[in-house]
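Report on the structure given below.
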Amino acid sequence: PVDRLPEIQEARLRLPILAEEQVIMEAVRENECVVLCGETGSGKTTQVPQFLYEAGYASSAGIIGVTEPRRVAAVSMSHRVATEMNLPSGVVSYQIRYEGNVTEDTKIKFMTDGVLLKEIQKDFLLQKYSVIIIDEAHERSVYTDILIGLLSRIVPLRNKKGLPMKLIIMSATLRVEDFTENKRLFRSPPPVIKVEARQFAVTVHFNKRTPMDNYTGEAFRKICKIHRMLPPGGILVFLTGQAEVHSVCRRLRKAFPYRPNQEHTDSMETEDLKKSKREKKKKNVSLPRINLDSYSALPVDEGDEDRQAGIDEDDDDEGSDLELELGDHPDSDHEEKADPSIPLYVLPLYSLLAPEQQAKVFRPPPAGARLCVVATNVAETSLTIPGVKYVVDCGRVKKRFYDRVTGVSSFKVTWISQASANQRAGRAGRTEPGHCYRLYSSAVFGDFSLFSEAEITRRPVDDLVIQMKDLNIEKVVNFPFPTPPSSEALIAAEQLLISLGALEEPPRRGRLGEMERARLSCPITPLGRAMAAFPVAPRYAKMLALGRQQGCMPYIITIVAAMTVREIFEDYDRPAGSEEESTKMAGKKARSVQMRRLWAGQGQSLQLGDLMVLLGAVGACEFAGCTRQFCEENGLRFKAMLEIRRLRGQLTNAVNAVCSDAGVYVDNKMAPPTESQVVFLRQIVLAGLGDHIARRVQAEELLDPKWRNGYKTPLLDDPVFIHPSSALHKTLPEFVVYQEVMETTKMYMRGVCAVQAE
Ligand code: ADP
Ligand code: MG
241 PVDRLPEIQE ARLRLPILAE EQVIMEAVRE NECVVLCGET GSGKTTQVPQ
291 FLYEAGYASS AGIIGVTEPR RVAAVSMSHR VATEMNLPSG VVSYQIRYEG
341 NVTEDTKIKF MTDGVLLKEI QKDFLLQKYS VIIIDEAHER SVYTDILIGL
391 LSRIVPLRNK KGLPMKLIIM SATLRVEDFT ENKRLFRSPP PVIKVEARQF
441 AVTVHFNKRT PMDNYTGEAF RKICKIHRML PPGGILVFLT GQAEVHSVCR
491 RLRKAFPYRP NQEHTDSMET EDLKKSKREK KKKNVSLPRI NLDSYSALPV
541 DEGDEDRQAG IDEDDDDEGS DLELELGDHP DSDHEEKADP SIPLYVLPLY
591 SLLAPEQQAK VFRPPPAGAR LCVVATNVAE TSLTIPGVKY VVDCGRVKKR
641 FYDRVTGVSS FKVTWISQAS ANQRAGRAGR TEPGHCYRLY SSAVFGDFSL
691 FSEAEITRRP VDDLVIQMKD LNIEKVVNFP FPTPPSSEAL IAAEQLLISL
741 GALEEPPRRG RLGEMERARL SCPITPLGRA MAAFPVAPRY AKMLALGRQQ
791 GCMPYIITIV AAMTVREIFE DYDRPAGSEE ESTKMAGKKA RSVQMRRLWA
841 GQGQSLQLGD LMVLLGAVGA CEFAGCTRQF CEENGLRFKA MLEIRRLRGQ
891 LTNAVNAVCS DAGVYVDNKM APPTESQVVF LRQIVLAGLG DHIARRVQAE
941 ELLDPKWRNG YKTPLLDDPV FIHPSSALHK TLPEFVVYQE VMETTKMYMR
991 GVCAVQAE
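To convert a position in the sequence shown, counted from 1, into the UniProt record's numbering, add 240.
Here it is, written out as structure tokens:
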């Protein structure tokens, strides 16, 4: 029996899903798999695990597992359910890539979908679990799709073996045909239960015009208007990325200052006095305690919308609450005059924000202040923010795009789908009728696609293919994907894995079409198995597999960790808000350039290029104890360095586990590699990035000026370049390998390392 607090019980009873408990539990009893659709906020994530618990599904025979595509949701939902059930975190727990609080006593376990995929590799039958809930299936994240495919096989297998198991697929939309109508997944379609949410009317207001560039400015103006003119009620704003979120937060805080710990009735004070008081207050406010464990490297694409730091992002820290006076976004064409009489309680919300900061959105705003949450796409379905009456929707989302053939990627802000737009609007009608302000015209809305594409169709799949091969799924093309990836993507993945030695070469008989080759279903090699054990992309796994030569392993682990975290340097090229800030940033930039030159080393190590800079930076930072201060003084992103630290630890454990005599450990006083080690390091890096080779175009070949200082790659017709911030920008070696090509103003190689011409 669950002993809930009265107020919790009361709140639960108001959730639409409570009325469906009987129906849901009966369907679960009668079927191996059940699909549950219910509007965001109807209570799926928080209540269904509790129904199952109370019906005895968590017993000695197995526990309840819940997967989430986002770490934000895994952590916050486990906390919420523990609170509701009045149980400790050792019983209702979570596990995300690097951390968790799972114990022997855990009965309900929230985890990211990637975590469960790894567990399937260890125990294909998932015998720990009596039921698996796949949450947010409508998001169609790659791992969710794969899990559904796998579980469609695992569940019948378990039941055949007399170890009963249930699967519940939960979706916030009714678009579930990809699961239910897919005969390869489920021979007889699983029942679909719809939870009718009590949704109040949401009046949708379209803009007459659609601002093409300055939609953050438009969002700001709209929020100001709502706040000045409309009755109480929270505002939820959808923007595309972390930098935009912080920029709008800053402008709003400036326009409608909210002062914590202070009543808003002290109107007798003069402005000056108020101001000086405010300054003092600001200094005294104690910084919220940040749980550093919550920063870690992400599963492949999660939080990408937050990850463009160094390209165009202003990666603001959680301390920014105190930096109200700092620069504004340059698009501030007109600023509101600060009006402290109507305070606005402004909170940012995005994937990489610390959970403590995220949790603030669930708490009621301070008395007398209106809540305004400025969010990225995370607020669309994963989290429900109480009290929202107004939604401001920019109509856009930031996504990473890959070229299917060349793998070149870029971040692009694109229009959302109509389904997303309607989800966003729906956030306004949870507690009473609401309004949604769309910052685009109805004609533009009419041109949106109906639904968003499944992620698996949009990105390279080499990491998935190796994991699947490791599960002995040889014919990946025959896997019951809810939506299969393109055959080009599968072929490209298989080819890369063959070239890395992770899959066996297909026999070369006659001339086979590429499609047929892909269908040949090359089995995994022993090297491939070792690689699959490392929680990084196959290229980097290959480097780890080769890292034992000449004591190179600690260096390779560090380089791989740093490359996986990707953006370790602070970006000082972003637009500054004031002259003062601009001067400050110029100083910091000079320092950063100087440090990078230092970290690049001398002699042989210079040839390691950007990878030596990574190695030097991590080495120096760890030597100094990996402090925030060191990072700030030397142009490093503190969060990134903490992620690298965690990943180094994890990779070190993985290496020792795969290879019991490796005996590597994390050395925080790592000496720089010797000259001969550098030679080995370059070879190891080349082995992982062998297909990412580029050759400098020689002067005599220069027919077109666009090729000046350009490099030729096997797959691209156009030149790629070494970025001015690269350690090899001046040297321009004849042959280089690169981590990736990213298109910004030009096609730039990132993570460049020189290789010897053979
Ligand atoms: P769904 O999964 O169907 O979208 P949830 O189970 O996540 O719905 O949420 C149900 C309700 O519980 C929501 O109305 C939300 O406001 C409330 N809720 C969820 N998490 C919290 C929390 N951390 N604090 C307070 N209320 C919460
Ligand atoms: Mg949910």
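Glycine included, C-beta positions come from ideal geometry on N, C-alpha and C.
Are tyrosine 978 and alanine 934 closer than 8 angstroms when you measure CB to CB? Position 738 of the sequence shown, counted from the first residue, corresponds to residue 978. Position 694 of the sequence shown, counted from the first residue, corresponds to residue 934. Closer than 8 angstroms, so yes.
Which residues, in chain order, sit with a beta-carbon under 6 angstroms away from any heavy atom of the ligand MG? Lys284, Thr285 and Asp375
Find out if the Cβ-Cβ distance for the pair threonine 654, valine 637 is shorter than 8 angstroms. Taking the first residue of the sequence shown as position 1, residue 654 is located at position 414. Taking the first residue of the sequence shown as position 1, residue 637 is located at position 397. It is a contact, given that the beta carbons lie within the stated cut-off.
Would the beta-carbon of residue 1000 be found less than 7 angstroms away from any heavy atom of the ligand ADP? Absent from the structure is residue 1000, since the part of the chain shown begins at 241 and ends at 998.
Taking the CB atoms as reference points, tell me whether isoleucine 884 and valine 805 lie closer together than 8 angstroms. Looking up residue 884 in the sequence shown gives position 644. Looking up residue 805 in the sequence shown gives position 565. In contact: isoleucine 884 and valine 805 (Cβ atoms closer than 8 angstroms).
How about alanine 412: is its Cβ closer than 7 angstroms to a heavy atom in the ligand ADP? By 1-based counting over the sequence shown, the position of residue 412 is 172. Yes.
For the beta strand (DSSP E) that contains alanine 615, what are its first and last residues? For the purposes of this step, residue 615 is taken as residue 375 along the sequence shown, with counting starting at 1. That run of the beta strand (DSSP E) goes 610 to 615.
Along the beta strand (DSSP E) that carries glycine 991, what are the first and last residues, could you check? Taking the first residue of the sequence shown as 1, we reach residue 991 at position 751. Start and end: 987 to 995.
Tell me the DSSP secondary structure of lysine 970 in three-state form. Residue 970 sits at position 730 when you count from the first residue of the sequence shown. Taken through DSSP and simplified to helix, strand or coil, lysine 970 comes out as coil.
Can you tell me whether aspartate 957 is buried or exposed, with buried defined as 16 or more other CB within 10 angstroms of its CB? Locating residue 957 in the sequence shown gives position 717, counting from the first residue. With fewer than 16 other Cβ atoms within 10 Å, it is exposed.
Identify the continuous alpha helix (DSSP H) that holds aspartate 702 and give its terminal residues. The count along the sequence shown starts at 1 and reaches residue 702 at position 462. If you look at aspartate 702, you'll find it in the alpha helix (DSSP H) that goes 702 to 710.
On the premise that proline 973 lies in contact with alanine 994, defined as a C-beta separation below 8 angstroms, what is that separation, rounded to the nearest angstrom? Taking the sequence shown and counting its residues from 1, the one referred to as residue 994 is at position 754. Taking the sequence shown and counting its residues from 1, the one referred to as residue 973 is at position 733. Going by Cβ atoms, the distance from alanine 994 to proline 973 rounds to 4 angstroms, so yes, they are a contact pair.
Here's the rule: buried if 16 or more other CB atoms are within 10 angstroms of the residue's CB, otherwise exposed. What is phenylalanine 961? Within the sequence shown, residue 961 is the residue found at index 721, counting from 1. With 16 or more Cβ atoms within 10 Å of its Cβ, phenylalanine 961 is classed as buried.
Are the CB atoms of phenylalanine 774 and leucine 929 within a distance shorter than 8 angstroms? As a position in the sequence shown, residue 929 is number 689, starting the count at 1. As a position in the sequence shown, residue 774 is number 534, starting the count at 1. No. Outside cutoff.
Quick check: is any heavy atom of the ligand ADP less than 7 angstroms from the C-beta of leucine 320? Counting from one through the sequence shown, the residue named residue 320 turns up at place 80. The sequence shown places arginine at residue 320, rather than the leucine named in the question. Yes; taking the cut-off as 7 angstroms, the Cβ of arginine 320 has a heavy atom of the ligand ADP nearer than that.
Specify whether the region 730 to 744 and the region 391 to 398 touch according to this definition: at least 3 beta carbon pairs, one from each stretch, less than 8 angstroms apart. no
Under 7 angstroms: does the beta carbon of threonine 280 sit that close to some heavy atom of the ligand ADP? Counted from its first residue, the sequence shown places residue 280 at position 40. Yes, Cβ of threonine 280 sits closer than 7 angstroms to a heavy atom of the ligand ADP.
Minimum C-alpha distance to aspartate 907 - residue among Arg886, Pro959, Leu397 and Leu584: Translated into the one-based positions of the sequence shown, residue 907 becomes position 667. Each of Arg886, Pro959, Leu397 and Leu584 was checked against the Cα of aspartate 907, and the nearest Cα belongs to Arg886.
Close Cβ partners of leucine 292 (< 6 angstroms) along its chain, the five nearest in sequence each way excluded: Along the sequence shown, read from residue 1 onward, the residue named residue 292 stands at position 52. Here leucine 292 has Ile304 and Val371 as same chain residues with Cβ atoms under 6 angstroms from its own Cβ, once five neighbours each way along the sequence are excluded.
Measure the Cβ-Cβ separation of phenylalanine 426 and leucine 711 and say whether it is below 8 angstroms. Position 186 of the sequence shown, counted from the first residue, corresponds to residue 426. Position 471 of the sequence shown, counted from the first residue, corresponds to residue 711. In this structure, leucine 711 does not lie closer than 8 angstroms to phenylalanine 426 by Cβ.
Helix, strand or coil for phenylalanine 688? Go by DSSP, reduced to three states. Stepping through the sequence shown from its first residue, residue 688 is reached at position 448. Phenylalanine 688: coil per DSSP, three-state reduction.
Do arginine 310 and valine 618 count as a contact pair if the criterion is CB distance below 8 angstroms? Numbered from its first residue, the sequence shown carries residue 618 at position 378. Numbered from its first residue, the sequence shown carries residue 310 at position 70. Their beta carbons are under 8 angstroms apart, which means valine 618 touches arginine 310 by this criterion.
What residues are listed by DSSP as bridge partners for tyrosine 642? Along the sequence shown, one-based indexing puts residue 642 at 402. Bridge pairing for tyrosine 642: Ser649 [DSSP].
Looking at the strands, I want to know which residues DSSP matches up with glycine 302. Along the sequence shown, one-based indexing puts residue 302 at 62. Its beta-bridge partners are Ser299.
Would the beta-carbon of arginine 468 be found less than 7 angstroms away from any heavy atom of the ligand ADP? As a working mapping, residue 468 is identified with position 228 in the sequence shown. No, Cβ of arginine 468 sits at least 7 angstroms from all heavy atoms of the ligand ADP.
For histidine 445, which residues of its own chain have a beta-carbon under 6 angstroms away from its beta-carbon, when the five flanking residues on both sides are left out? Here residue 445 corresponds to residue number 205 of the sequence shown, with the count starting at 1. Contacts found: Tyr677.
Touch check for the region 270 to 286 and the region 394 to 413: three-plus C-beta pairs under 8 angstroms? At 8 angstroms Cβ cutoff, the stretches touch.
First through last residue of the beta strand (DSSP E) which encompasses glycine 674: Stepping through the sequence shown from its first residue, residue 674 is reached at position 434. Looking at the DSSP string, the run of the beta strand (DSSP E) that includes glycine 674 is 674 to 678.
Exposure label - glutamate 260; buried when at least 16 CB within 10 Å: Residue mapping note: residue 260 aligns to position 20 of the sequence shown, counting from 1. Glutamate 260 is buried by the Cβ-count criterion.
Three-state class that DSSP yields for lysine 629 in the structure shown: Indexing the sequence shown from 1 puts residue 629 at position 389. Of the three classes helix, strand and coil, the one that applies to lysine 629 here is strand, per DSSP.
Mind the definition here: the region 427 to 435 touches the region 660 to 667 only if three or more C-beta pairs lie below 8 angstroms; say whether that holds. no
If I'm right that glutamine 790 touches threonine 616 with Cβ under 8 angstroms, what's the distance once you round it to whole angstroms? Locating residue 790 in the sequence shown gives position 550, counting from the first residue. Locating residue 616 in the sequence shown gives position 376, counting from the first residue. No, glutamine 790 and threonine 616 are not in contact; Cβ-Cβ is about 44 angstroms, not under 8 angstroms.
Is it the case that the Cβ atoms of threonine 307 and aspartate 385 are separated by a distance below 8 angstroms? Locating residue 307 in the sequence shown gives position 67, counting from the first residue. Locating residue 385 in the sequence shown gives position 145, counting from the first residue. Remark: C-beta atoms of threonine 307 and aspartate 385 do not approach each other more closely than 8 angstroms.
Which residues does DSSP list as the beta-bridge partners of proline 588? What you label residue 588 is simply residue 348 of the sequence shown in a count that begins at 1. Answer by DSSP bridge pairing, in chain order: Val614.
If we count the other Cβ atoms within 10 Å of its Cβ and call it buried at 16 or more, is proline 497 buried or exposed? For the purposes of this step, residue 497 is taken as the residue at position 257 of the sequence shown. Buried, because 16 or more other Cβ atoms sit within 10 Å of the Cβ of proline 497.
What would DSSP say about serine 381, mapped onto helix, strand or coil? Reading the sequence shown from its first residue, position 141 is the one you call residue 381. It is coil, neither helix nor strand.
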